[in-house]
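J.: From first to last, the protein sequence lines are chains A and B.
Each position in the first sequence, counted from 1, maps to that position plus 31 in our numbering.
Each position in the second sequence, counted from 1, maps to that position plus 31 in our numbering.
From the three backbone atoms N, C-alpha and C, an ideal C-beta is built for every residue, glycine too.
Number of protein chains: 2
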Amino acid sequence: MPDRASCLIDKLSHYIHLDDSHKQHLASIEKSERSYPASTEIHQVGDLTRDLYVVKSGWLFSYTDLPDGRRQIVKIHHPGDILGFPDVALRHSTTTLRTVEAVCLCPFPKTSLDVIFRESPRLSALILSIALRDQVVFIDVLRAMGRMNAQERIGYMLLDLIARLRITNSKMTDTIRLPLTQGQIGDYLGLTNVYVSRTLLRMEEDGYIRRDGNHVQILREDEMIAATDFHDRYADMDVSWFPEH
Amino acid sequence: MPDRASCLIDKLSHYIHLDDSHKQHLASIEKSERSYPASTEIHQVGDLTRDLYVVKSGWLFSYTDLPDGRRQIVKIHHPGDILGFPDVALRHSTTTLRTVEAVCLCPFPKTSLDVIFRESPRLSALILSIALRDQVVFIDVLRAMGRMNAQERIGYMLLDLIARLRITNSKMTDTIRLPLTQGQIGDYLGLTNVYVSRTLLRMEEDGYIRRDGNHVQILREDEMIAATDFHDRYADMDVSWFPEH
DNA sequence: TCGCCTCGTCAAACCAGGTTTAAGCGCGAC
DNA sequence: GTCGCGCTTAAACCTGGTTTGACGAGGCGA
């Protein structure tokens, strides 16, 4: 069975070796892929969520609004990410999912987790580990929001993005394409569009970054890592305790 | 086998029915309980974590510091909570764990998750669900930190605490014991001790709360729920998709 | 092709929520 | 008794938010 048949296999085989029976299970639960245009909401807060998705291409984000319109972007999703996990436990979605640009998703039904849990302890452990690692990342973001100033937050965000993009794209260097508006960056970091603009200008003046349209180049990465006490949570996952099969 | 033999059984049987084989597994992995005095660090950032804990009594919290000393309290732990999950995926602890008051913990080794995953898909699914529900709670906190002002954050924190205490203690009314200093509340909510003091006074003047030593009574709960768009994530967990055994 | 509209970015003036620092007070521990 | 800790209060300060408006680029219809 060829690996490229399935987004899920692609994603999960990054972490552990999958034998043929694993691959058969995973391939069988995946529906056919779906495409969505830019700036589209795929599901809303409160929707009944039946499917999880693996991102095949494009950027998306999840957000929640307060009743008065204040918005918090909760997570930015890239190719390879699995979407919808936080809602598995809760029946109704707690966030709205929105595309940044045209995207392609591979859906699979939430109920098929049941199959995975029955058939493969090893895959189950991997799924738990991915969820727990995401939780650690949320804790890092929380610290940034609670205790960092605007420049540190933006630095942290850039470092996090580049670390994540390096997982799947090993030829990533120090330049990333950032297809978010400054308003969206602000909604992610708890700032306003105006202040994001001002801070980015300031960082460019001070030689931390260089910008060219959508693209941001990180010039003093080591310094930014030190200033934000950044830790790459994506590089090392502890798979040593996983069951055999 | 009596339920009270194990903290873990107590905790997990809140969510699903456990048959005798489940209980035997769980009871077998639990070590003997340990006590710690108030204001003690149980483990530090970077420690190798071999054990998870169930809290039997007392309050604790997990925190991380920035290099310059700014502190972020990440999570407040109560009796019934399982500690250490976020570190399962990562080998080294990402937070420091500190007692607020004298506590009693029931440790069990991280490696015994392996056994659970091999033996019981149903328990595995429950553990995943608990982890994912925690993730949703982190997202709620994130939104509070990113987009709420001081009074809303404190209101949110009180509502969250009371909702969590109501899980295990159904006779909870509208008054909670809050054994945290105002500095710790600030470290949790991204504020300073001074501003926490001022805001609590203000909330008392305005009739939102009443205070008496450690105890806080919530007077206008419905209003606070509306103002913070609070959702109780603890009351309803979706266990419908769990495997049979 | 022109002109119009929208959206994103940037600027400037003004404002406010939260911080910093410091001092006084009450209370429990030693 | 006094030492230390936590809470309160006050004053100066500042980071970051709000508002408004200008400018430029891209998309689109006439």
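With DSSP as the reference, label P140/A as helix, strand or coil.
T.: strand
J.: Comparing alpha-carbon positions, which option in V76/B, I104/B, L97/B and D96/B lies nearest G217/B?
T.: I104/B
J.: Give the DSSP-derived three-state secondary structure of H45/B in the structure shown.
T.: coil
J.: Where does V146/B sit, in a helix, a strand or coil, going by DSSP?
T.: helix
J.: In the DSSP assignment, what residue or residues form a beta bridge with C38/A?
T.: None, per the DSSP bridge assignment.
J.: Would you give the residue range spanned by the alpha helix (DSSP H) that F273/A belongs to?
T.: Unbroken run through F273/A: none, as it is neither H nor E.
J.: Please list, in chain order, the chain B residues whose beta carbon lies closer than 7 Å to that of D260/A.
T.: L97 and P98
J.: Suppose the cutoff is 8 Å on Cβ atoms and the five residues either side in sequence are ignored; what does the same chain contact list for Y94/B look like?
T.: R102, Q103, I104, V105, T126, T127, R129 and D218
J.: Just checking: is the beta-carbon of S143/B within a distance shorter than 7 Å of some beta-carbon in chain A?
T.: It does not; no Cβ of chain A falls within 7 Å.
J.: Find the residues of chain B that neighbour T125/A, judging by a C-beta separation of less than 9 Å, and give them in chain order.
T.: Listed by position along chain B, the residues whose Cβ is nearer than 9 Å to that of T125/A are V167, I170, D171, H262 and R264.
J.: Would you say D269/B reaches chain A, if we count a Cβ-Cβ gap shorter than 7 Å as a contact?
T.: Chain A has a Cβ within less than 7 Å of the Cβ of D269/B.
J.: Could you check where the alpha helix (DSSP H) with K54/B kicks off and where it finishes?
T.: D51 to I60
J.: Alpha carbon to alpha carbon, what distance is there between S52/B and I73/A?
T.: 42 Å
J.: For E72/B, list the residues DSSP reports as bridge partners.
T.: R129/B
J.: Under three-state DSSP, which class holds Y187/B?
T.: helix
J.: Between which two residues does the beta strand (DSSP E) harbouring R65/B extend?
T.: R65 to Y67
J.: Tell me the rounded alpha-carbon separation between V86/A and T230/B.
T.: 43 Å
J.: Would you call the stretch 161-172 of chain B in contact with the stretch 112-121 of chain A, where contact means no fewer than 3 C-beta pairs closer than 8 Å?
T.: Yes: the two stretches touch, three or more of their Cβ pairs being nearer than 8 Å.
J.: Please say whether A175/B and E132/B have beta carbons closer to each other than 7 Å?
T.: no
J.: Taking a contact to mean a Cβ-Cβ separation below 7 Å, would you say I60/B touches F139/B in this structure?
T.: yes
J.: So is T259/A buried or exposed if we call it buried at 16+ other beta carbons inside 10 Å?
T.: buried
J.: Please classify P152/B: is it buried, with 16 or more other beta-carbons within 10 angstroms of its beta-carbon, or exposed?
T.: buried
J.: Considering only C-alpha positions, which residue in the set A257/B, R233/B and E275/B is nearest to L97/A?
T.: A257/B
J.: What are the partner residues of Y239/A, as DSSP defines its beta bridges?
T.: Per DSSP, none; premise fails for Y239/A.
J.: Can you look up S119/B in the DSSP assignment and give me helix, strand or coil?
T.: Per the sequence presented here, residue 119/B reads as Val, with Ser not at that position. Coil.
J.: Mind checking who F92/A pairs with in its DSSP beta bridge?
T.: I107/A and R129/A
J.: Can you tell me whether A156/B sits near the ligand FAD, meaning its C-beta is under 6 Å from at least one heavy atom of the ligand?
T.: The ligand FAD is absent from the structure shown, which contains no ligand whatsoever.
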